[in-house]
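Worksheet for the structure shown next.
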Amino acid sequence: MKISSPPLYSRPYTAPGWLRGGHAQTIYPYWLSRPSIAYRRERYELEDGDFIDIDWLDNEPTAPLVVVFHGLEGSSCSHYVLSLMVMLRELGWRGAVVHFRGCSGVPNRLPRAYHAGDSEEIDWVLQRISSETRGSGAAFPIYVVGVSLGGNAFLKWLGQQGQQACRLIEGAVAVSVPLDLAAAGKVLASGFNLMYTRHFLDTLKRKALGKLDQFPRLFDANKVSACTTLYEFDNIVTAPLHGFRDTEDYWARSSSKPWLKYVEVPTLVINARNDPFMPPSALPAHAEVSPSVVLEFPKEGGHAGFLDSPFPGRLTWLPERIVRFFGEQRGGLRHGLPMDLPEGLPELRIS
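Anchor point for the sequence shown: position 332 equals 332 in our numbering, and the numbering is continuous, going up by one each time.
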């Protein structure tokens with residue numbers, strides 16, 4: 001199979017005229033029918049006795065590899081993951097979707113689960129993927145995409161690792177990231193945004209209560225059932241299970257925004273200014289990030305939405321933007337040199 005490079009163009013995101021507002025641009029893509037991707041699942045056994053499932057999009061062993069960390073309660077079937085996998089498949093690239101503990105459709109074994117600041121888990125997974133895929137001496141780039149919660153944990157890892165991260169990956173993109181967890185938690189606790197909170201809590205509470213069958217005294221079931229905000233859930237479940245004092249401690253220590261100034265890997269951060277999960281006032285300024293970080297804050301797009309026209313819409317802009325940024329790191333635009341590129345890519349429609 002011929003391995004292609006992404007097209008040498010980029011267009012600013014413009015929302016369809018028939019889909020206005022951050023809520024519509026967030027919710028509508030969720031309901032689009034989704035393409036079928038032939039994943040190959042692999043289980044990584046962890047040193048603590050737990051496991052992580054990875055869904056692979058296979059291609060030539062020397063093809064570029066894009067590792068994806070999904071958002072809160074996401075998976076390899078999330079619409080933003082599938083649209084990217086379709087793009088990678090068309091290019092002849094490979095993909096690896098890392099499921100956080102308990103997100104692959106199979107309950108994990110330990111009391112703990114996953115959280116927004118779990119950079120240690122990110123490090124372990126990327127070290128393992130790099131050593132296994134490059135163990136034969138194959139030379140190919142590894143890129144990483146983190147979305148929402150997964151993007152926050154990944155950006156935190158990038159900042160903590162600094163130059164060391166450049167030994168593992170060549171480029172990074174973070175999309176719709178709650179860079180300031182306290183600010184995100186506040187906006188998700190009121191008004192229409194409570195709809196998203198209820199959606200997340202529906203599965204989070206079900207998983208937490210299911211843990212009580214394995215670990216009966218893990219926490220108070222009545223308090224978990226009574227949670228109506230992520231703040232309350234994190235205070236009762238997430239924080240104590242993962243070594244934090246309380247929600248404030250968890251959110252403060254896990255937010256990725258303070259780490260952006262230490263990032264050395266070429267990194268693109270995409271956050272829509274009308275993202276219901278992240279107030280624009282909490283987005284970083286250029287002075288708050290390292291020279292390796294490119295900030296791209298479109299006026300519209302919602303949370304991990306970025307739907308294209310025409311009706312009924314296509315999920316093409318975001319994967320195109322991602323692979324183009326990665327293509328720049330392969331020696332094209334980054335060095336002012338042309339690349340051997342196709343005129344364009346097929347239209348990839350999810351409808």
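All residues carry an ideal CB built from backbone N, CA and C; glycine is no exception. Keep in mind that this is a model prediction, so the values were computed, not measured.
query                                                                                                                                                                                 : result
Looking at the unbroken alpha helix (DSSP H) that takes in VAL125, where does it start and where does it end?                                                                         : 119-133
Which stretch, first to last residue, makes up the alpha helix (DSSP H) that contains GLY159?                                                                                         : 149-161
Please state whether DSSP places TRP251 in a helix, a strand or coil.                                                                                                                 : helix
Look at GLY151 and PHE233 and say whether their C-beta atoms are less than 8 Å apart.                                                                                                 : no
Using only the alpha-carbon positions, how far apart do GLN163 and LEU91 sit?                                                                                                         : 29 Å
The alpha helix (DSSP H) spanning VAL224 covers which residue range?                                                                                                                  : 221-225
How is the alpha helix (DSSP H) around VAL81 delimited, first residue to last?                                                                                                        : 79-91
Can you tell me the Cα-Cα spacing of PHE277 and SER119, whole angstroms?                                                                                                              : 21 Å
Quick check on ASN222: buried or exposed, where buried means 16 or more other Cβ atoms within 10 Å of its Cβ?                                                                         : exposed
Can you find the residues in the same chain that come closer than 8 Å, C-beta to C-beta, to CYS166, ignoring five residues on each side of it along the sequence?                     : GLU264 and VAL265
Helix or strand or just coil, what does DSSP make of THR197?                                                                                                                          : helix
Just reading off the alpha helix (DSSP H) that PHE233 is part of, what are its end residues?                                                                                          : 230-233
Classify PRO12: buried if its beta carbon has 16 or more other beta carbons within 10 angstroms, exposed otherwise.                                                                   : exposed
Considering only residues of the region 20-68, which uninterrupted beta strand (DSSP E) runs meet the minimum length of 3 residues and lie entirely inside it, listed in chain order? : 40-45 and 51-57
Using DSSP's beta-bridge definition, name the partner residues of ILE142.                                                                                                             : LEU65
Measure the alpha-carbon distance for ASP213 versus ALA113 and round it to whole angstroms.                                                                                           : 15 Å
Taking THR197 and THR229 to be in contact with their CB atoms under 8 Å, please state how far apart those CB atoms are, rounded to whole angstroms.                                   : 6 Å
Would you list the residues sitting across from ALA174 in a DSSP beta bridge?                                                                                                         : GLY146 and VAL269
Please list the terminal residues of the continuous beta strand (DSSP E) segment that includes VAL98.                                                                                 : 94-98
So, for TRP18: in the same chain, excluding its five sequence neighbours on each side, which residues have a beta-carbon less than 7 Å away from its beta-carbon?                     : PHE311
Rounding to the nearest angstrom, what Cα-Cα distance links ALA304 and ARG245 in this structure?                                                                                      : 30 Å
State the start and end residues of the unbroken alpha helix (DSSP H) segment that holds LEU181.                                                                                      : 181-187
Going straight from the alpha carbon of PRO240 to that of VAL224, what length do you get?                                                                                             : 13 Å
Nearest to ILE129 by CA position, among ASP180, GLY71, GLU328 and LEU65, is which residue?                                                                                            : LEU65
Closest by CA to SER33, which one among ASP308, HIS79 and GLY171?                                                                                                                     : HIS79
Tell me which same chain residues have a C-beta within less than 7 Å of the C-beta of PRO280, skipping the five on either side of it?                                                 : ARG273
For VAL147 and VAL269, I'd like the C-alpha separation in whole angstroms.                                                                                                            : 10 Å
Whole angstroms are fine: how far does the CA of ASP249 sit from the CA of GLY243?                                                                                                    : 10 Å
So for VAL293, helix, strand or coil by DSSP?                                                                                                                                         : strand
Kindly list the residues whose CB is nearer than 7 Å to the CB of ASN59, restricted to its own chain and excluding five residues on each side of it in sequence; keep chain order.    : MET1, GLY92, TRP93 and ARG94
Leaving out the 5 sequence neighbours to the left and right, which residues in its chain are closer than 6 Å to ILE122 when beta-carbon positions are compared?                       : ALA153, PHE154 and TRP157
Secondary structure at SER246, three-state DSSP: helix, strand or coil?                                                                                                               : Position check: residue 246 holds Asp in this sequence, whereas Ser was assumed. Coil, per DSSP.
Let me check understanding here. Comparing Cα to Cα, which of SER256, ARG330, GLY185 and LEU318 lies closest to ALA15?                                                                : LEU318
Excluding the 5 residues preceding and the 5 following GLU343 in the sequence, name in chain order all residues of the same chain whose CB lies nearer than 7 Å to its CB.            : Bear in mind that a pLDDT of 38 at GLU343, under 50, signals an unreliable position, so the number given afterwards is only what the model happens to contain. Within the same chain, GLU343 has no close Cβ partners at all.
Just the Cα atoms here: how many angstroms apart are GLN25 and LEU307?                                                                                                                : 7 Å
Give the range of the alpha helix (DSSP H) segment to which LEU318 is assigned.                                                                                                       : 317-329
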